[in-house]
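>
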Amino acid sequence: MALLEVNNLEVSFGLRSGGVKALRDINFKLDRGERIGVVGESGAGKSVLGFSILNLISNPGSITGGEILFEGKNLSKLSAGELRSVRGNRISMIFQDPMMTLNPVLTVGEQMIECLMAHRKIRKEDARNIALQKLKQVYIPSPETRLDQYPHELSGGMRQRIVIAIGLLMDPDIIIADEPTTALDVTIQAEIMELMLELCERNNVALILITHDLGVVSQVTQRTIVMYAGRIIEQGPTKEIINDAQHPYTQGLMNALPQMAVPGARLNQIRGAMPPLQRIPTGCAFNPRCDYVTETCKHNLPGFTESGSCLVACHMVAEMKREAAQAASLAQEVQS
Amino acid sequence: MSDQTQILETAPDAPSRWHEFKNSHLFHSFTVDRVAQISFGIFILYILLALFAPLLAPFDPYDIAQIDIMNSEIPPSWEAEGEADFWLGTDAQGRDMWSTILYGTRVSLMIGLCAVALQATLGICIGLCAGYFGGRVDSILMRFADVQLSFSTMMVAIVVLAVFQAAFGTELYQQLAMFMLIMVIGIAEWPQYARTIRASVLAEKKKEYIDAARVIGLRSPRIMFRHILPNTLSPILVISTVQVANAIISEASLSFLGLGMPVSEPSLGSLIAGGFEYIFSGSWWITVIPGAVLISLVLVMNLLGDWLRDVLNPKLYKG
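Residue numbers (my numbering), protein chains in the order written: chain Z, 20 to 355; chain R, -9 to 309.
#1: By the DSSP assignment, the beta strand (DSSP E) with Asn236 (chain R) in it spans what residues?
#2: Return the bridge partner residues of Pro256 (chain Z) from the DSSP annotation.
#3: What's the gap between the Cα of Leu23 (chain Z) and the Cα of Pro79 (chain Z)?
#4: When you compare the CB of Met112 (chain Z) with every CB in chain R, is at least one pair closer than 7 Å?
#5: Which stretch, first to last residue, makes up the beta strand (DSSP E) that contains Cys303 (chain Z)?
#6: Would you call Glu220 (chain Z) buried or exposed, if buried means 16 or more other Cβ atoms sit within 10 Å of its Cβ?
#7: Could you give the residue range of the alpha helix (DSSP H) that holds Arg103 (chain Z)?
#8: For Glu182 (chain Z), which of Z:Gly128, Z:Val30, Z:Ala209 has the nearest alpha-carbon?
#9: Determine whether the beta carbon atoms of Ile82 (chain Z) and Val25 (chain Z) lie at a separation below 7 Å.
#10: Taking Cβ to Cβ, would you say Leu135 (chain Z) is nearer than 7 Å to Ala146 (chain Z)?
#11: Which residues does DSSP list as the beta-bridge partners of Ile193 (chain Z)?
#12: Quick one, which residues of the segment 106 to 131 of chain Z are near chain R if we go by CB-CB under 8 Å, in chain order?
#13: Quick one: is Val191 (chain R) near chain Z, going by C-beta distance under 7 Å?
#14: Strictly below 7 Å CB to CB, what residues from chain Z border Ile226 (chain R)?
#15: Output yes if chain R places a C-beta closer than 7 Å to the C-beta of Cys219 (chain Z); else output no.
#16: For Met214 (chain R), tell me which candidate among R:Glu194, R:Ile64, R:Val205 has the shortest Cα-Cα distance.
#17: Would you mind sorting His171 (chain Z) into buried or exposed? The rule is 16 or more other CB atoms within 10 Å of its CB.
#18: Mind checking if His15 (chain R) is an interface residue toward chain Z, Cβ cutoff 7 Å exclusive?
#19: With 16 other CB atoms within 10 Å as the buried threshold, where does Thr301 (chain Z) fall?
#20: Does chain Z have any CB closer than 7 Å to the CB of His18 (chain R)?
#21: Decide yes or no for the touch test of the segment 57 to 65 of chain R against the segment 31 to 41 of chain R: beta carbon pairs closer than 8 Å, at least 3 of them.
#22: Using a Cβ-Cβ cut-off of less than 8 Å, list which residues of the segment 119 to 136 of chain R approach chain Z; keep chain order.
#23: Smallest Cα separation from Thr160 (chain R): which of R:Gly250, R:Met60, R:Ile187?
#24: Would a check of beta-carbon distances place Met(-9) (chain R) closer than 7 Å to chain Z?
#25: Are the segment 65 to 81 of chain R and the segment 216 to 224 of chain R in contact at 8 Å, needing three or more beta carbon pairs?
#26: Touching or not, the segment 259 to 270 of chain Z and the segment 91 to 102 of chain Z, by the rule of three or more beta carbon pairs under 8 Å?
#27: Could you please give the first and the last residue of the uninterrupted beta strand (DSSP E) stretch that includes Ile347 (chain R)?
#28: Given that Lys197 (chain R) touches chain Z, what residues does it touch there, using C-beta distances under 8 Å?
#29: Tell me which residue opens and which closes the alpha helix (DSSP H) that Leu112 (chain R) is part of.
#30: In three-state terms, what does DSSP make of Val336 (chain Z)?
#31: Identify whether Gly272 (chain R) lies in helix, strand or coil by the three-state DSSP scheme.
#32: For Tyr247 (chain Z), which beta-bridge partners are listed by DSSP?
#33: Hey, quick one: how far does the alpha helix (DSSP H) through Asn287 (chain Z) stretch, first residue to last?
#34: Take the Cβ of Ile130 (chain R) as the centre, count every other Cβ of all protein chains shown within 10 Å, and call the residue buried at 16 or more, exposed below.
#35: Listed from N- to C-terminal order along the chain, which residues in the segment 76 to 103 of chain Z have their beta-carbon within a distance smaller than 7 Å of any beta-carbon of chain R?
#36: What residue range is occupied by the uninterrupted alpha helix (DSSP H) comprising Glu24 (chain Z)?
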């Protein structure tokens, strides 16, 4: 049994202009110790996905369909008390901006001890020792002093390390990291990602890494989920997706990397912008921006096609494959 | 690098709380603001006078045996007919004004502080709930606050106290006067707190550290009181100073109307009220001196509140 299984998840936000579905038909599995990357443009629903796993969608949003099975328990159906025992304890979350995720009026130690005391019946001194040990795990120099400092006394990288240490406090099974390096500068980014990779491998923690940095995804994760307009459009092993993207959108994302452009030439981009969730086009949501668009794409929602070890939601994949196969066989014929 | 880490390591141990306080913006702006210093000095003086009234007062105004009606309406000692024993004169009952004012300040401050403590407790709880839970809870609680605000404090207090006095008799009322005043002033003014806190909570609630606290799996009351409340303390502090002054004024007004502290246990307000009848017969000191004390007390508290508001507002930071 997979550690976490998300089936047909649907999340809606009630607005004055009617409901908007922020997530639709989300299906994926996460095994123990597996690292999975979630990529997509801003507004694709990546963060909502992260929050919905912990059932933390606040009003006016709610989970309106599907199930999130964590060790067989449906998280979207648990009572508030049961949920609390999962949150922070079995599944923890790391946010984007370490400047904002630590409470400015409490010391680092108070925040860490509070988390431990909320889940375990232990004495304050023991909690402090565990906190110290976790700070050491994330390579914070002189952790004893840090415990008594306030967040504003620490640098951004240091704070993100502390946030990670808080995430690790209860030895969770899953860490959801919502763009953990976006607010940091590049050198610190690399350090933090390396640290997360190391910690996940050492403690056999599963990681859901939400990011729009494909470089980070390729280094850290084993599998990748590509999202567009609230849907998963492609998922599969990271290597395959990076090396041989099937969906035109993923191809576009890969092409948009600065490394892919000829030096001196304009950078590649996907034309247009993601449609607002209220006005998602019929058929494939990507069709107005797609280079391979056909009539079918405009009317029918594509299902998933298996392509190698990847799942791709595109009508054209089969055709593109057939063309590729034809080209290959043609080439063979020519050779023979 | 090694030097730097050394400094970092030793720095937190070296400065004590006192040092930290001395280096703070609060202390610095206090040292340059003459008005704040004087106000604070006078305020502390009043607090001390009130606290040590039994030691400082030459007479005990609550002790009927010490009161001699023959001593009534003696003017202050600097006037021609004044007596050295009563340097601020005596009132119509023959009580020493100085002692009575000391005890009266004690009563006034006590009522002011307790009423504000009650207001703050009610207002903070209700404001936190309204802001944090939002939706229907928020609407209901805030409509309560609106209704409460639409009655003036004085009106509520007068109605409640008059009804109480009529229903249970003056005897019982006089015994419970202080308690009743605290309750009435405390309950009538909670919306001030609730509204301010709600507004701050709405701003704090959106911040990521609250999400982080929920992700950790903390209970709502814990998030409300430990994570949100400390972040909304500065507006609470500012309204508290002003509210104490307001509560003292309310109490004085009620006493002046005969609904406050009884004559046997006078507050500043009932002293003013008691002396008012004699002002035209020339005994001005019975009203004017407690009046001056009351005005200066309220004034310094308002000045302190203004100063605090400016200091705690980061947008007005002047360095």
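We put the CB at the ideal spot given by N, CA and C, even for glycine.
So, from the data block:
#1: Indexing the second sequence from 1 puts residue 236 (chain R) at position 246. Not the beta strand (DSSP E): Asn236 (chain R) falls in the alpha helix (DSSP H), residues 223 to 246.
#2: Taking the first residue of the first sequence as position 1, residue 256 (chain Z) is located at position 237. DSSP lists Z:Arg242 as partners of Pro256 (chain Z).
#3: The residue labelled residue 23 (chain Z) in the question sits at position 4 within the first sequence. The residue labelled residue 79 (chain Z) in the question sits at position 60 within the first sequence. So the two alpha carbons sit approximately 26 Å from each other.
#4: On the first sequence, residue 112 (chain Z) is found 93 positions in, with the first residue counted as 1. Interface residue, yes.
#5: Translated into positions along the first sequence, residue 303 (chain Z) becomes position 284. Here Cys303 (chain Z) belongs to no beta strand (DSSP E), and DSSP marks it neither H nor E.
#6: As a position in the first sequence, residue 220 (chain Z) is number 201, starting the count at 1. Exposed, because fewer than 16 other Cβ atoms sit within 10 Å of the Cβ of Glu220 (chain Z).
#7: The residue labelled residue 103 (chain Z) in the question sits at position 84 within the first sequence. Here the alpha helix (DSSP H) through Arg103 (chain Z) covers 99 to 105.
#8: Along the first sequence, read from residue 1 onward, the residue named residue 182 (chain Z) stands at position 163. One detail in the question is off: residue 182 (chain Z) reads as Val in this sequence, not Glu. The shortest C-alpha separation from Val182 (chain Z) is found at Z:Gly128.
#9: One-based indexing of the first sequence puts residue 82 (chain Z) at position 63. One-based indexing of the first sequence puts residue 25 (chain Z) at position 6. No, these two residues do not count as a Cβ contact at 7 Å.
#10: Working through the first sequence from its first residue, we reach residue 135 (chain Z) at position 116. Working through the first sequence from its first residue, we reach residue 146 (chain Z) at position 127. Here Leu135 (chain Z) is near Ala146 (chain Z), since their CB atoms are less than 7 Å apart.
#11: Here residue 193 (chain Z) refers to the residue found at position 174 when the first sequence is read from its first residue. Answer by DSSP bridge pairing, in chain order: Z:Ile110, Z:Ala225.
#12: Arg106, Gly107, Asn108, Ser111, Met112, Phe114, Gln115, Asp116, Met119, Thr120, Leu121, Asn122, Pro123, Val124, Leu125
#13: Here the question's residue 191 (chain R) lines up with position 201 in the second sequence. Answer no: the Cβ-Cβ gap between Val191 (chain R) and chain Z never drops below 7 Å.
#14: Within the second sequence, the letter at position 236 stands for residue 226 (chain R). Correct list: empty, because the minimum Cβ distance to chain Z is about 13 Å.
#15: In the first sequence, residue 219 (chain Z) corresponds to position 200, counting from 1. Not an interface residue.
#16: Counted from its first residue, the second sequence places residue 214 (chain R) at position 224. Measuring from the Cα of Met214 (chain R), the nearest candidate turns out to be R:Glu194.
#17: Here residue 171 (chain Z) refers to the residue found at position 152 of the first sequence. With fewer than 16 other Cβ atoms within 10 Å, it is exposed.
#18: Translated into the one-based positions of the second sequence, residue 15 (chain R) becomes position 25. Chain Z, which has no Cβ nearer than 7 Å to the Cβ of His15 (chain R), makes this no.
#19: Within the first sequence, residue 301 (chain Z) is the residue found at index 282, counting from 1. The residue is exposed, with fewer than 16 neighbouring Cβ atoms inside 10 Å.
#20: Mapped onto the second sequence, residue 18 (chain R) falls at position 28. Not an interface residue.
#21: no
#22: Gly124, Gly125
#23: Mapped onto the second sequence, residue 160 (chain R) falls at position 170. Among R:Gly250, R:Met60, R:Ile187, the Cα nearest to that of Thr160 (chain R) is on R:Gly250.
#24: Against the second sequence, residue -9 (chain R) aligns to sequence position 1. Note that Met(-9) (chain R) scores a pLDDT of 41, beneath 50, so its modelled location is shaky; the value from the coordinates is reported in the next line. At least 7 Å separates the CB of Met(-9) (chain R) from every CB of chain Z.
#25: no
#26: no
#27: Shown here, chain R extends from -9 to 309; a query on residue 347 (chain R) therefore has no answer.
#28: Here the question's residue 197 (chain R) lines up with position 207 in the second sequence. Residues of chain Z passing the Cβ test: Met119.
#29: Residue numbering aside, residue 112 (chain R) sits at position 122 when the second sequence is read from its first letter. Looking at the DSSP string, the run of the alpha helix (DSSP H) that includes Leu112 (chain R) is 87 to 123.
#30: The residue given as residue 336 (chain Z) occupies position 317 in the first sequence. Helix.
#31: Mapped onto the second sequence, residue 272 (chain R) falls at position 282. Of the three classes helix, strand and coil, the one that applies to Gly272 (chain R) here is coil, per DSSP.
#32: Here residue 247 (chain Z) refers to the residue found at position 228 of the first sequence. For Tyr247 (chain Z), DSSP records a beta bridge to Z:Arg250.
#33: Taking the first residue of the first sequence as 1, we reach residue 287 (chain Z) at position 268. Judged by DSSP secondary structure, Asn287 (chain Z) falls outside any alpha helix (DSSP H); it is assigned neither H nor E.
#34: Here residue 130 (chain R) is taken as the residue at index 140 of the second sequence, counted from 1. When all chains shown are included, Ile130 (chain R) counts as exposed.
#35: Asn78, Arg103
#36: Taking the first residue of the first sequence as position 1, residue 24 (chain Z) is located at position 5. Glu24 (chain Z) -> not in any alpha helix (DSSP H); beta strand (DSSP E) instead, spanning 23 to 34.
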